[in-house]
Amino acid sequence: MSISAMFFYALSAAVLVSAVLSVTSRNIFRSAIFLLFSLISIAGIYFWMNYEFIAAVQTIVYVGGIVVLIIFSIFLTQQAGVSLPAPMKGRMIYAALASIAGFVLVVMQLLAHPFKVDNSVVASRGIKDIGHGLLETGANGYVLPFELVSILLLAAMIGCIVIALKPNSTTA
Amino acid sequence: MSFLIDYIRTVYKSVRSLLIGMRKTGYYFTHHKEIITQNYPENRDTLNLPERFRGEVVMTHNEANEHRCTGCTACELACPNGTIKIVTKFDITPEGKKKKALDTFVYHLELCTMCNLCIEACPTSAIKMDQAFEHSVYDRRLLTKKLNKPDSKLMEGVE
Amino acid sequence: MLSIAGIANSIHQWLNETFSSGWATLLEFVLVGILVISFFAFLGLVLVFMERKVSAYMQLRVGPNRVGYKGLAQTLADTIKLVVKEGLTPDGADKFLFNFAPFLVLIASMLLMAPIAFAKDFQIWDINIGVLYITAISSISVIGVLMAGWSSNNKYSLLGAMRSGAQIVSYELSAGLAIMTIVILAGSIRLSDIIASQENGWWIFKGHIPAIIAFVIYIIAVTAETNRAPFDLAEAESELTAGFHTEYSGMKFALFFLSEYVNIFIVCAIGATLFLGGWMPLHIGHWEGFNHIMDFIPSSLWFMGKTFFLIFLIMWFRWTFPRLRIDQLLNLEWKYLLPISLFNLLLVTFIALMGWYF
Numbered sequence: 003m004s005i006s007a008m009f010f011y012a013l014s015a016a017v018l019v020s021a022v023l024s025v026t027s028r029n030i031f032r033s034a035i036f037l038l039f040s041l042i043s044i045a046g047i048y049f050w051m052n053y054e055f056i057a058a059v060q061t062i063v064y065v066g067g068i069v070v071l072i073i074f075s076i077f078l079t080q081q082a083g084v085s086l087p088a089p090m091k092g093r094m095i096y097a098a099l100a101s102i103a104g105f106v107l108v109v110m111q112l113l114a115h116p117f118k119v120d121n122s123v124v125a126s127r128g129i130k131d132i133g134h135g136l137l138e139t140g141a142n143g144y145v146l147p148f149e150l151v152s153i154l155l156l157a158a159m160i161g162c163i164v165i166a167l168k169p170n171s172t173t174a
Numbered sequence: 011m012s013f014l015i016d017y018i019r020t021v022y023k024s025v026r027s028l029l030i031g032m033r034k035t036g037y038y039f040t041h042h043k044e045i046i047t048q049n050y051p052e053n054r055d056t057l058n059l060p061e062r063f064r065g066e067v068v069m070t071h072n073e074a075n076e077h078r079c080t081g082c083t084a085c086e087l088a089c090p091n092g093t094i095k096i097v098t099k100f101d102i103t104p105e106g107k108k109k110k111a112l113d114t115f116v117y118h119l120e121l122c123t124m125c126n127l128c129i130e131a132c133p134t135s136a137i138k139m140d141q142a143f144e145h146s147v148y149d150r151r152l153l154t155k156k157l158n159k160p161d162s163k164l165m166e167g168v169e
Numbered sequence: 009m010l011s012i013a014g015i016a017n018s019i020h021q022w023l024n025e026t027f028s029s030g031w032a033t034l035l036e037f038v039l040v041g042i043l044v045i046s047f048f049a050f051l052g053l054v055l056v057f058m059e060r061k062v063s064a065y066m067q068l069r070v071g072p073n074r075v076g077y078k079g080l081a082q083t084l085a086d087t088i089k090l091v092v093k094e095g096l097t098p099d100g101a102d103k104f105l106f107n108f109a110p111f112l113v114l115i116a117s118m119l120l121m122a123p124i125a126f127a128k129d130f131q132i133w134d135i136n137i138g139v140l141y142i143t144a145i146s147s148i149s150v151i152g153v154l155m156a157g158w159s160s161n162n163k164y165s166l167l168g169a170m171r172s173g174a175q176i177v178s179y180e181l182s183a184g185l186a187i188m189t190i191v192i193l194a195g196s197i198r199l200s201d202i203i204a205s206q207e208n209g210w211w212i213f214k215g216h217i218p219a220i221i222a223f224v225i226y227i228i229a230v231t232a233e234t235n236r237a238p239f240d241l242a243e244a245e246s247e248l249t250a251g252f253h254t255e256y257s258g259m260k261f262a263l264f265f266l267s268e269y270v271n272i273f274i275v276c277a278i279g280a281t282l283f284l285g286g287w288m289p290l291h292i293g294h295w296e297g298f299n300h301i302m303d304f305i306p307s308s309l310w311f312m313g314k315t316f317f318l319i320f321l322i323m324w325f326r327w328t329f330p331r332l333r334i335d336q337l338l339n340l341e342w343k344y345l346l347p348i349s350l351f352n353l354l355l356v357t358f359i360a361l362m363g364w365y366f
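Just so you know, the protein sequences line up as chains A, B and C, in that order.
The opening position of the first sequence corresponds to residue 3 in my numbering, with each subsequent residue numbered one higher.
The opening position of the second sequence corresponds to residue 11 in my numbering, with each subsequent residue numbered one higher.
The opening position of the third sequence corresponds to residue 9 in my numbering, with each subsequent residue numbered one higher.
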């Protein structure tokens, strides 16, 4: 096994183990931290594949944004430090059945799809290409999703401001 | 528009005040002669203590071994933490009357906070603050001092 | 000519000739790791001593002057004290997270060392997303702070961690926008390209007004991001008794302390790279003779000189300004720095399009 493959297996193991720990942990803050490890390991896999841009975006969005948001909401929750009670037996059985069914479904799809190994060298896409691609209207352009996401974010920001604004009794 | 002018003015003012502060500390950083820290054990002989530095309470005596303490216990009453204990005795005056006088001025240096209240309370200015500060001893009892010198007497004319 | 890059290259060649390429890479990992850790230790010693001396002189004191020549061994003595001290773990703490948090903070600092160019052609990893990588990794360290504050099971630590989190998350914005200014001017986010674009003058001179505004905003924002006074509310020893690391002692505290100073070095190194030309010597236009003399100074000295100048600037802030309140802190970011940097970004885009920079 080459060293490169060893890195891949180590990273994948980190993703899976921390994902499992994140679900099974009875302490909500630990769950968030294991989720963080899982997300960072995924970023590591992107780095291993030489997709640095995706890796950096993964780190910024998930680590710097979402996990921090989750942690903050945990901090602001009552009794967040208390470990959760063990779930009921019946629920555990149903949850296990549901997840096994989902797993089987995914594996069936994976096996049904013939993955062709494409050995043609893909020109590495630089930041400039990504930037142009985001604003292109052509075949590989992403201008519509880009604009849609922008409008969604703008709406969210305006919503935040409206919620945060205190009703001013003198002018209203 | 006036909002914008106010905004820019606030930014300008705050940046300016920060720069003034930085100029002061920058001046101190480059001018080492302003340093007030003293190299204490080395410069022990030339130590330059501030005027109002308080080290311990002492009683002043003149050349004839006379002090100005009448034993009125005003300092003992003024002391917030019982540092001073005045032991009085009765002298027989030439007229044959008994008169209260100081026997021992006990001063517990280990309790003293150098608050200066006793000095202010003293009606006859018998005690004052001294600047000696090297008080370390190996035995706590050595810090209990007797301020009036042996065989010292009350100065003439101090009531 | 003997240069740091030459030594690094010959080691790389020797390793690749002796071992297979995979093992050579692995050995290089180990080598770089050891070098980075020893550099951290060196930085900790130097910067703590520098901070104590700078603060002393600014407050009309002398500072450490007893241990060793002129007090130079003082931080070494402090380090020995910290190493032999007991690392206490509180009873009610989440033991795993409590012990892991200082390492996470330090790992984030170690990862940030990768794209910094210490000298000409001497860089651990010339990654093509340079500044984006820095922004991404620096967001990991805030998790370490939050983790430390939570797992200590102490209300002061929790408050400190929350303040720190809010502060870092909000100031990352204006730091990022200030970096974007230079990215627009240089036209690349790879750090080596940004340095190469400053061959005929540093961006702070070439980019005149917008670059200077961006530089000021960057310095303010990174001072806040590294939790240093006047933005040290997260630690605030007088109100929160040192905030998120109240419960830490011994070596675990030392790791937090070290990572604070390493982070200062890193942000100053990045600031020096973006605004002051990294290892590029001071070149002025077409003054051939002057430029030639400047080239004789080694590039590593240029880099270190600029970085330490910025570190001194940040220390100067710390020992001059009083601490901000939390509302003042957020006002400064959201009402002043962010609008100004957004406007500045617009200005610099306009200037870059019109070609009004030198």
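By construction, the Cβ of each residue, glycine as well, lies at the ideal position given by its N, Cα and C atoms.
Sequence-distant partners of Val56 (chain C) (beyond 5 residues in either direction) whose C-beta falls short of 6 Å from its own C-beta, in its chain, are Thr83. Not one beta carbon of chain B lies nearer than 8 Å to the beta carbon of Phe239 (chain C). For Ser172 (chain C), the closest of C:Ala232, C:Asp201, C:Asp102 by C-alpha to C-alpha distance is C:Ala232. Between Ser117 (chain C) and Ser149 (chain C), the gap from beta carbon to beta carbon is short of 8 Å. Take Ile44 (chain A), set aside five residues on each side of it, and the residues of its chain with a beta-carbon closer than 7 Å to its own are Val17, Gln60, in chain order. Using a 10 angstroms sphere on the CB of Trp295 (chain C), the tally of other CB atoms stays under 16, which defines it as exposed.
Residue-level contact check: Gly128 (chain A) touches chain C, since one or more beta carbons of chain C fall below 8 Å from its beta carbon. With a cutoff of 8 Å on beta-carbon distance, Ala125 (chain C) and Ser200 (chain C) are scored as near each other.
Here the C-alpha atom of Leu107 (chain A) lies approximately 31 Å from the C-alpha atom of Glu54 (chain A). Distance from Gly71 (chain C) to Ala64 (chain C) at the Cβ level is roughly 3 Å; contact confirmed, criterion being Cβ atoms closer than 8 Å.
In this structure, the beta-carbon distance from Leu345 (chain C) to Ile228 (chain C) falls below 8 Å. The C-beta of Phe27 (chain C) comes no closer than 8 Å to any C-beta of chain B.
With contact defined as three or more Cβ pairs closer than 8 Å, the segment 64 to 81 of chain A and the segment 151 to 165 of chain C are in contact. Taking the beta carbon of Met118 (chain C) as reference, no residue of chain A falls within 7 Å; the closest one sits roughly 14 Å away. Nearest CB-CB separation between Leu28 (chain B) and chain C: below the 8 Å threshold. In the displayed model, Phe100 (chain B) falls within a strand according to three-state DSSP. Sequence-distant partners of Gly52 (chain C) (beyond 5 residues in either direction) whose C-beta falls short of 6 Å from its own C-beta, in its chain, are Leu266, Tyr269. No Cβ-Cβ contact shorter than 8 Å links Ser308 (chain C) with Ala174 (chain C). In the three-state reduction of the DSSP assignment, Thr123 (chain B) falls in the coil class, being assigned neither a helical nor a strand state. In the DSSP assignment, the residues bridged to Leu164 (chain B) are B:His77. Taking CB atoms only, Thr143 (chain C) has a neighbour in chain A less than 8 Å away. For the segment 56 to 83 of chain C, the beta-carbon criterion of a distance under 9 Å to any beta-carbon of chain B is satisfied by Val62, Ala64, Tyr65, Met66, Gln67, Leu68, Arg69, Val70, Gly71, Asn73. Of all alpha-carbon atoms in C:Ile187, C:Thr26, C:Val191, the one lying nearest the alpha-carbon of Phe223 (chain C) is that of C:Ile187.
Comparing C-alpha distances from Trp324 (chain C) to each of C:Phe48, C:Met66, C:Phe283 shows the shortest one belongs to C:Met66. Chain-ordered, the chain A residues with CB closer than 7 Å to the CB of Met155 (chain C) read Ile35. A buried status is given to Gln131 (chain C), since no fewer than 16 other beta-carbon atoms sit within 10 Å of its beta-carbon. Only buried fits Asp86 (chain C), as 16 or more other CB atoms lie within 10 angstroms of its CB. The beta carbon of His291 (chain C) sits closer than 7 Å to the beta carbons of Glu207, Asn208, Gly209, Asn299, Met302 from its chain, once the five residues preceding and following it are set aside; these are given in chain order. Going by C-alpha positions, Leu353 (chain C) is about 12 Å away from Ile220 (chain C).
Residue-level contact check: Tyr38 (chain B) touches chain C, since one or more beta carbons of chain C fall below 8 Å from its beta carbon. Residue state for His134 (chain A) is assigned as helix, using DSSP reduced to three classes. Secondary structure at Val119 (chain A): coil, using DSSP grouped into helix, strand and coil. At a cut-off of 8 Å, the C-beta of Val97 (chain B) has no neighbouring C-beta in chain C. Beta-carbon to beta-carbon, Tyr64 (chain A) and Leu41 (chain A) are separated by about 4 Å, close enough to satisfy the 8 Å threshold. With 16 or more other Cβ atoms from the protein chains shown falling within 10 Å of its own Cβ, Cys85 (chain B) counts as buried.
Taking the CA atoms as reference points, Gln48 (chain B) sits about 20 Å from Glu59 (chain C).
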